[in-house]
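Q:
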């Protein structure tokens with residue numbers, strides 16, 4: 006699907022910017038993928054880790070993005086998702102997830 010390619014590109018561009026010095030200070034950023042991802046498997050898996058929290062975002066074909074954040078102090082867990090996302094929604098969701106750290 007053409008929209009999948011745009012969504013995948015949006016995620017990889019967001020990661021490239023996030024890894025720039027001064028953008029996400031004190032946050033380790035790791036992106037795995039693209040994976041073959043047949044069926045229910047994600048194409049990309051993003052992990053963010055800081056002293057006070059860690060987060061993960063999984064991006065699937067069709068624009069579905071699943072996200073989870075764990076606060077290392079309170080041990081509270083937040084989960085969210087975006088369905089049929091556009092590149093703009095992917096970028097906004099990743100930024101909101103990173104802001105939880």
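Residue numbers (the numbering used here): 6 to 106.
Where is the CB? At the ideal position from N, CA and C, for every residue including glycine.
Alpha carbon to alpha carbon, how far is residue 85 from residue 28?
A: Each residue's Cα considered, the two are about 23 Å apart.
Q: What is the residue span of the alpha helix (DSSP H) that residue 94 lies within?
A: From DSSP, the alpha helix (DSSP H) with residue 94 extends over 92–104.
Q: Name the residue from 39, 26, 106 and 57 whose alpha carbon lies nearest to the alpha carbon of residue 15.
A: Out of 39, 26, 106 and 57, 39 has the C-alpha closest to the C-alpha of residue 15.
Q: Give me the Cα-Cα distance between residue 72 and residue 63, rounded to the nearest whole angstrom.
A: Computed Cα separation, rounded: 6 Å.
Q: Please report the straight-line C-alpha distance between residue 68 and residue 12, rounded to a whole angstrom.
A: For residue 68 and residue 12, the distance between alpha carbons rounds to 7 Å.
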